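Position one of the sequence shown corresponds to residue 1471 (our numbering), numbered consecutively onward. Glycine is no exception: its CB is placed at the ideal position from the N, C-alpha and C atoms. Source: prediction; values computed, not measured.
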Amino acid sequence: MMDHTDVLEPDSTEDDISLTGSDFEFEMKSSKRKLTSQGPTSPKKVYQSVRSSSQRQSAGNTPPDRERNTLRDGHASTGHLYEAVRSGRSALQTVIDDWLDEYRRDKEAGLLELMNFVVQCSGCKGVITREMFNTMQNADIIGHLTKDFNEDTVSYPLVSTGTDGQRFRTGLCEFVSLLVRACRNSLLYDDYLFASLIALLTGLSDSQVRAFRHTSTMIAMQLMSKMVAVAAEVNAQALMTKRHYDVEKSKRAEHRAIGRVEELQNSLKEVSEHQEDLRSLMNGIFKGVFVHRYRDVFPEIRAICMEEMGVWLRECPAHFLSDEHLKYVGWMLHDKQAVVRLKCVLTLQKLYEEKNFIGQLELFTTRFKERILCMTLDKDSEVAMEIVKLLLLIQQNTDDGLSDEECARVYPLVFALHRGLASAAGHFLYYMLCKVFDGESDKQTPSFLILLARFFIDSKYHEHAAYLVDSLWDVAGAELKDWEVMTFLLLQEKGVEDEVESALIDIMICAMRQAAEATPPISRSQKKNLTVKEKKLQAQEKGRITNHFIPVLPRLMAKFSADVGKVSCLLRAPLYFDLDSYGTSARLEKCLDVLLSQVCDIVQKHNEECVLEACVRVLSTLSSHCYTFCGRAERAISQLLDSTVEKFTVTLREILQGSADEDDIYSAASSLNVLAVFSSASDVTGRNLFEFSFQLLTFGVESGEIDKKLMVPALKCAVFDLLWKGRNVTQLHKASKLEMTRLMKCIDSFCIVCQSCLSMAESHIRNQAFVCLCDVLIVFGRLSEGGSSQLNCYSPDETLVAEMVSFLMDYVFNDDPEDDLNDEMKISALMQKRNQLAGYCKLVIYGVLELRALTDVLRYYNKYYSEFGDVIKETLSKSKTISSVESAKTVCLCLQQLFSSLDQDRHDEELTEIRFLAKKLAMNFSINLRLIRKPLLALHQDGIRFASHGLEQDNPINLSFLEILSEFSFKLLQPERKQLLVYLQRVCARVAESEFVKMYERSLKGSRGTPAQTTSTAKPSSKRRRTQSLSSNLESPAVTSHTPSNDTDDEFTQRSVQRKSVTHSRLQSSPSAQSVQSHFSTLSLIDEALSLDEPLIEDYDDDDDHDDDEDSEISIILPSTRGSASYLEDLFE
């Protein structure tokens, strides 16, 4: 980080935490326990005294149960303070009043009860007796309590979960608040009660027992916050008294009230003493507890310190709002735990909200602004969200604000997947855009929309307007739902730039979706049901959209019908209408007829797939039978399909006769594209599209002269027609034999044509044919185990499977250079290959092909791991659920095939590659070795048999395969190892001295330290907490210091660590010390109950280290520019 002394220049005298002769020392006037000598005990002394006092505990001490009942002159103590806080059923004010009455009767007994209350809140079974209180130091008392701590659990009240834990934490904070309020006029200044309590809390806060540290820090921080509030009141009282005193003193003597000056002077003196007492108490807590615990190893303790620091900064800015105290908040912005960083950010938000504080925050802002900007990419989205809100406050309330470059680091977050973060960034963007208007409200909405469109154009996420709209929805919903202004901007004659028009249309459609569906985009969806009020608002907004856009949409489509991007976007608008409105009046029915006519015209004009799909989606929605006007839409669709089929059949005859020109081919391709898109959405089997498409495909395969513009849509039409026929068959409980025969004949003919297409030179035709084959075989292929559906009756022949495998090897697993493609095209090509491989793997998983068909895929597992590794790995995993033994045999067969095809010129190199593949495949077997005993045994037996081929003819050509097989030996259990050794000696007896046999034998014999033996004989060792070496490596709870080496805090920490290390070395030599250490280990004094290793706070002396800290920052997750659906889910779900 930075050199804190150079930047923040803390006062060395105030940071000095020596406990003698400083503000930390409490001077007691009337106490039996003089704190001038015993004082608020130094955490160092407490730590040492815990050890020594534990050794001096006598066996004759009063048992805890008796101690608990003999606290006060033989009278039993019921622990009513703790029970009242824990249960939450008692009125705490009454409980505190009763305790104060007891305290006034017997100060020592009352203080003792309060101290035992703190101990009980820590979950400790021990009790502080009167004898301990009178004769022992605080450190000795804490050491005694440590031995009485509950060894059965590491839980304690403050970390309890559920309503009980929440009630206890709330009750404890309320108890401290009411206690200070009840004592603010008297006992707070008696130099006994709170001074003794703070001394105990200081000692407990430095304990190695986390329950003591956590509870005492919580109470001390709450105590400090309430004292700060009292101090603010006292300061105001002192200021008012001083003002009255000055006014009274300025009067002439004859005009003064008798004795008024002396009275005010005495009051001022008393208030000054109170200020001094409060300052001493607060200074004690700050330097005795906060300075050490703000960097505690336990993140919850650090979070408490940061949260309460925010209270002090706000409640008493005159004393705390300075760089000396702000530096702690700035340093902890680098904390590795999100909860601590979040508390710091929330503290800063409340400071920057107050404009009166801005002047005192200038140096802090300058120093830590870069860190705050870096935290916009925090790995915890909640922290990043609050950081963006903080930056907005800085931009609004500070004079310098943020530069354009700094604002540009916030803008992209409107596309983040976390909705809270994106919404915060949306507020920031809205504020920056609105700064341009200068209060011109009449021009605000048009100007805002145009500026927003320009921002969307300048961003890199042009496919994600829905995310931008959702981010701004909470703050700019009125502007985004101003449909009249949007359509006015789009319909005006001169209009705006073409790019702005496209962006405005995209934003408008996304806003319509958001308003009509009342849900965020899919990746930001929150699983919650809409309330009745939200549903009512949604219906109202949908009605507004419908009433406005029904007459306006035809005008928009007429203007932009020639633009592919704009019209495809506008065609989504009717999906968000209340479509029932079309049947309510004749005027709206005319609007429906105009819309249907326009959509049909667009279908005939455009050949782009995105436009056709949008048109078919609208027409299919309008033709739904749930609407009264569906007949109009069905007639329009029927007329459109009839004219399209007629046009296609006319040109088809000319194409088959060889007399077609380019116009005829273009017309036929356009018609086929329309029919293919309609076939994907609705059943058009009655128009015999399969026969027409099959004729075209057959002619194209035989002649090789048909263009891809015809072949690709023809393949789509044919496969969709077959799928619709299969669906119609399944709807009939039992199809006739003639229908099934006709369907199987069509399937067989189509597969033959697709098989021929796989070897064509045109890549588009090849790829489409392969996808069609996979789809048809998945639906109609005969399952290996027998399918229950009557559709699963087609068995692909060996030539078809071989052709598909050849396609994979030639066009999927290939190393053809793609230097002429840009990055986006390369990614698209890779996605297409992954889809093709997934289609083939599905045939194996669903049983259409045998498991052994995977051998041609597995051989490329290592070579193409980065491209297809996840698909192949998941396929292999699914194959084990079918048959684990057959899956293992398939792995072995794959390796055998690769070994048999070794090139003699590159034998060693290729053998090494096969070994790497075997090692990779071996890692896919389960780590539970008992589950894979049979599969691995079968794999090894097949491998040994393959290696022994030719031994009878004295030609062991495959013997070196044992070298590959040895890669699977480490997964074997001991019984299988012995069984395989016997089998190997019997099969390979003739070549027992071969180096390959010897090497394989060694892999089977292994050693005692091999994973196979240890895993088979011993259970996995349970994870243990780091307590076993605590006696020699126990560190100071203050952990690594944040401050420079010359700071007094660090000096104290270093001295403490050194003295503790000396104590460790001495204690290790004595049996009593070992018992104490074992007790510490049993309690798990530092570690969390469920955590293995709590991270320490790092030194923050290097900015670069923190900027690159992977634990606190990562790049924010932005929506993908491609489809978000998982290929593996699509493959196997």
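- Beta-carbon to beta-carbon, Glu2433 and Met2469 are separated by about 6 Å, close enough to satisfy the 8 Å threshold.
- Scanning its chain for C-beta atoms nearer than 6 Å, with the 5 sequence neighbours on each side dropped, one finds around Ser2349 the residues Leu2321 and Ser2357, in chain order.
- Within the segment 2330 to 2362, the runs of alpha helix (DSSP H) at least 4 residues long that lie entirely inside it are, in chain order, 2335 to 2352.
- Looking at the DSSP output, Gly2251 sits in a beta bridge with Tyr2264.
- Nearest neighbour of Val2037 by Cα position, chosen from Asn2017, Thr2016, Tyr2052 and Leu2065, turns out to be Leu2065.
- In the three-state reduction of the DSSP assignment, Phe1756 falls in the helix class.
- Here Cys1594 is bridged, per DSSP, to Phe1619.
- DSSP, read as helix, strand or coil, puts Asp2290 in coil.
- In this chain, the alpha helix (DSSP H) harbouring Pro1787 covers Pro1787 to Phe1790.
- In this structure, the alpha-carbon of Tyr2330 lies about 56 Å from that of Gln1636.
- Taking the Cα of Glu1794 as reference, the smallest distance to any Cα among Leu1812, Ile1774 and Lys1757 is reached at Lys1757.
- Excluding five sequence positions before and after Arg1763, the CB atoms of its chain that fall closer than 6 Å to its own CB belong to Ser1675, Thr1687, Ile1771 and Cys1775, given in chain order.
- Less than 8 Å divides the Cβ of Tyr1822 from the Cβ of Ile1864.
- With a beta-carbon spacing of about 6 Å, Leu1883 and Val1858 fall inside the 8 Å limit used to define contacts.
- Rounded to the nearest angstrom, the Cβ distance from Cys2311 to Thr2351 is 14 Å, too far for a contact under 8 Å.
- Assignment of Asp1870 by DSSP, reduced to helix, strand and coil, places it in the coil class.
- Residue environment analysis places Arg1575 among the exposed positions, since fewer than 16 neighbouring C-beta atoms fall within 10 angstroms of its C-beta.
- Under the three-pair Cβ rule at 8 Å, the segment 2146 to 2153 counts as touching the segment 2183 to 2200.
- When only Cα atoms are considered, Met2274 and Leu2421 end up about 36 Å apart.
- Out of Asp2048, Glu2059, Cys2362 and Leu1562, the CA that lies nearest to the CA of Gln2008 is found in Asp2048.
- Phe1638 and Val1698 have their alpha carbons spaced roughly 23 Å apart.
- Just measuring C-alpha positions, the residue of Val2223, Gly2156 and Asn2428 sitting nearest Ser2173 is Val2223.
- Assigned with DSSP and collapsed to three states, Asp2285 falls in coil, not helix or strand.
- The count of Cβ pairs closer than 8 Å, one atom from the segment 2126 to 2135 and one from the segment 2076 to 2096, stays below three, leaving the stretches out of contact.
- Taking one beta carbon from each stretch, the segment 1953 to 1968 and the segment 2011 to 2026 have 3 or more pairs nearer than 8 Å; the two touch.
- Looking at the DSSP output, Asp2191 shares a beta bridge with no other residue.
- The straight-line gap separating the alpha-carbon atoms of Ala1773 and Val1853 is approximately 13 Å.
- Within the segment 2135 to 2181, the complete alpha helix (DSSP H) segments at least 4 residues long are 2159 to 2173, listed from N- to C-terminus.
- Sequence-distant partners of Asp2424 (beyond 5 residues in either direction) whose C-beta falls short of 7 Å from its own C-beta are missing from its chain.
- Here Gln2068 is buried. Its C-beta has 16 or more other C-beta atoms within 10 Å.
- Fewer than three beta-carbon pairs drawn from the segment 2265 to 2274 and the segment 2331 to 2339 are found closer than 8 Å, and the two stretches are therefore not classed as touching.
- Around the beta-carbon of Pro1990, 16 or more other beta-carbon atoms lie within 10 Å, marking it buried.
- Excluding its 5 nearest sequence neighbours in each direction, Phe2283 has C-beta neighbours in its own chain below 7 Å: Tyr2330 and Tyr2334, listed in chain order.
- The C-alpha of Lys1839 lies about 26 Å from the C-alpha of Lys1930.
- Taking 4 residues as the minimum length, the alpha helix (DSSP H) runs contained wholly in the segment 2079 to 2136 are 2079 to 2092 and 2100 to 2127, in order along the chain.
- If you look at Lys2075, you'll find it in the alpha helix (DSSP H) that goes Ala2056 to Lys2075.
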